[in-house]
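The structure appears below as structure tokens.
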Amino acid sequence: MKTTILKSTCIALLMGSMFSCDVLDVEPLDSYTEDGIFTDANLTESYVTMNYTKPRNGWSRSSLRFVCDESMENFNWAGAWTINTGGMTPDQLGGLNIWSDYYTNIKNCNIFFSNMDKVETIDEPRRSWLIGEATFFRAYYYMELVNNYGGVPLITRLFELDDPEMMIKRDTYEDCVDFIVSEFQKASELLPEKFTGENFGRVTKGAALAMKARMLLYAASPLWNPSDDKSKWEAAAKAAEEVMALGYSLDADYKELFLDPMSPEIIFQRLYNTEFGHWYDWYNSTNGWGGYSCTAVLQEMVDSYEMEDGTMPDPALYTSATTDPWAGRDPRLYASVVCDGQLFRGTETEFWVNSDGKTGGVDSEFGRDAWNYSKTHYIIRKFMDENLTKSWSDKGKQPWVYCRLAEIYLNYAEAMYHCGKEDVAREYVNYIRKRARGGREDILPDVTESGEALLAKIQHERKVELAFEEHRFYDVRRWKIAEKVDKSVFHGINITKQADGTKKYELFEIQKRDFVAPAHYLLPIPRYEIQKNDLLEQNPGYDK
């Protein structure tokens, strides 16, 4: 099995250099000319394969879970606090700036397309799936740009330095969506339904169709479809049906599916291994484990998880509790968040502080590596490999899952709701809830609502099921509810341990956030990009 795309890329680049040139006529191993790459099949494949390392993902310090109502970044890495408090400007974008990087990636894809005819040694089907991969990734980069900035310049060819057409206007949002959808469709026709063996992990027909479905859902949403054109929802629903017809299935184990690249639910992922791994587990583990508590989960996110009977938690749970106030919740809470007193890597978590206010548990502000304690007294559990126990020694090798079947089910439920098919919408939301029960039948009752109450249930189910997976940031914007849910006072929890061993709980304000509507529904284009291109117009609300 190919456990990391990065490893194969590095090896192929090195081996291609070693064996494709005369010993007395050696080119530098750290640079390649276009002719050097695109006359060699292996180097050409490696050139395309490098795209697997380029898209942003949730292992990053600039993850989108820090700038929505799911969590707070514990140290303001990548300017997350500035973004949350409404301070983002064309000069101060923090970790949200993808414009330059993604246009560089697009340029590299265009270089591939302009040189592909030179590669005469690639046979079918290898040639087709390389073209399919490059087509997929260019469309993906454009989708990311469009979802963040709205309409952007569509550039599908290379420019010379003195090319008068290098200054280019932004295309409309609709034209961008049409291009992206058509490119994903084209990619789906070039890619196989699955890869096995050493090619496992490459993008497939399902990945291309899933991204097409996501783009169409976003384009049908209120931010871009204020007239609620039903045909756009129908297109989104049809695209989701195409993905569901490919044979993916919900994984029985909600927590473990994120650790298993072979899960039948995963549609698009990035692979890692212990050599080319990541440090997600240690950035996000408690200070008691030598971690940074990077993802300080917000109280409001914790209380988005229903009680077992389907009701929402009562805040009185905390003020009156002398025992675990998180008991009897949606099982996805325990798979996604670590609360005080719960086991984490086999050890009871200690976020509590003693009543003397000077000492506390190992994971508290008075514990081990105290400066790294979680400021909300919660951390993330989702995606965590709890078998890793050697902090900053064991690398994580779990994949980053860009798309899975549960998202497609929820996309379909939302689209069908807007198509007037409420019975189908309920059916697919309830598929998700059935899996969430973990085999029990007496908890999380089926969704039975209709009308606006059903839409609210679908939106809520997305928040919980897809928590921390980089969806919420975009969902609240495309639904145009960010000015309500992101503009608020957010909380953490203090836990005080009494002399008799009982605990008292108190919610406290951790961050007051702002969201300026309508400007913040899109990101500002970096000012230096505006200065380079007189035809490039800034998004509304960022002109000053």
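Numbered by mature numbering (1 follows the signal peptide of the UniProt record, and there is no 0), the letters in the sequence shown go through residues -20 to -1, 1 to 524 in order.
We put the beta carbon where it would ideally sit given N, CA and C, even for glycine.
Under DSSP, I475 takes part in a beta bridge, and its partners are Y485. The C-beta of R137 has fewer than 16 other C-beta atoms within 10 Å across all chains shown, which makes the residue exposed.
Cβ neighbours of F93 within its own chain (closer than 6 angstroms, five residues either side excluded): none.
Across the structure, M292 and D261 are spaced so that their CA atoms are roughly 30 angstroms apart. For A190, the enclosing alpha helix (DSSP H) begins and ends at 185 to 200.
The residue among A199, D151, F117, S207 with its C-alpha nearest the C-alpha of T184 is F117.
Under the Cβ criterion (8 angstroms, minimum of three pairs), the region 347 to 357 does not count as touching the region 297 to 307.
Across the structure, E407 and E255 are spaced so that their CA atoms are roughly 43 angstroms apart.
In the three-state scheme derived from DSSP, where H, G and I count as helix and E and B as strand, Q165 is classed as helix.
Around the beta-carbon of E449, 16 or more other beta-carbon atoms lie within 10 Å, marking it buried.
Residue state for A276 is assigned as strand, using DSSP reduced to three classes.
C-alpha of K464 to C-alpha of E178: approximately 47 angstroms in a straight line. One thing to note: S265 has its Cβ no nearer than 8 angstroms to the Cβ of P244. For G271, the closest C-alpha among the options S211, E113, E366, D240 is that of E366. Three or more beta-carbon pairs separated by less than 8 angstroms are not found between the region 472 to 492 and the region 430 to 437, which leaves the two stretches without contact. Distance between F495 and E50, taken at the CA atoms: about 15 angstroms.
Distances from the alpha-carbon of A395 to those of K377, L434, P504 put L434 closest. Each residue's CA atom was taken as its position, placing N56 and N31 some 29 angstroms apart. Relative to L424, the option among W332, P498, P311 whose CA is nearest is P311. Distances from the CA of Y153 to each of A200, E173, F180, L170 were compared; the closest alpha carbon is that of A200.
In the structure shown, T101 adopts coil according to DSSP, grouped into three states.
Cβ neighbours of A405 within its own chain (closer than 6 angstroms, five residues either side excluded): A393, M396, Y397. Contact between M68 and P504 holds, since their C-beta atoms are separated by about 7 angstroms, short of 8 angstroms.
In terms of Cα proximity to R325, the closest of M364, V342, W332, S335 is M364.
Bridge pairing for I359: V318 [DSSP]. Less than 8 angstroms separates the beta-carbon of W380 from that of Q249. Apart from sequence neighbours up to five positions away, the residues of its chain that approach W459 with a beta-carbon distance below 8 angstroms are S201, P202, L203, Q439, ordered along the chain. When the five nearest sequence neighbours on each side are left out, the beta carbons in the same chain lying within less than 6 angstroms of the beta carbon of L297 are those of P305, in order along the chain.
An exposed status is given to V469, since fewer than 16 other beta-carbon atoms sit within 10 Å of its beta-carbon. The three-state secondary structure of H398, taken from DSSP, is helix. Secondary structure at N54: coil, using DSSP grouped into helix, strand and coil.
Between R507 and D151, the CB-CB gap reaches or exceeds 8 angstroms. Counting only runs of 3+ residues, the beta strand (DSSP E) found wholly inside the region 15 to 69 occupies 51 to 53, in chain order. Rounded to whole angstroms, the separation of the alpha carbons of L390 and L44 is 20 angstroms.
Within the region 74 to 132, no complete beta strand (DSSP E) segment of 3 residues or longer occurs. DSSP links L323 through a beta bridge to E328.
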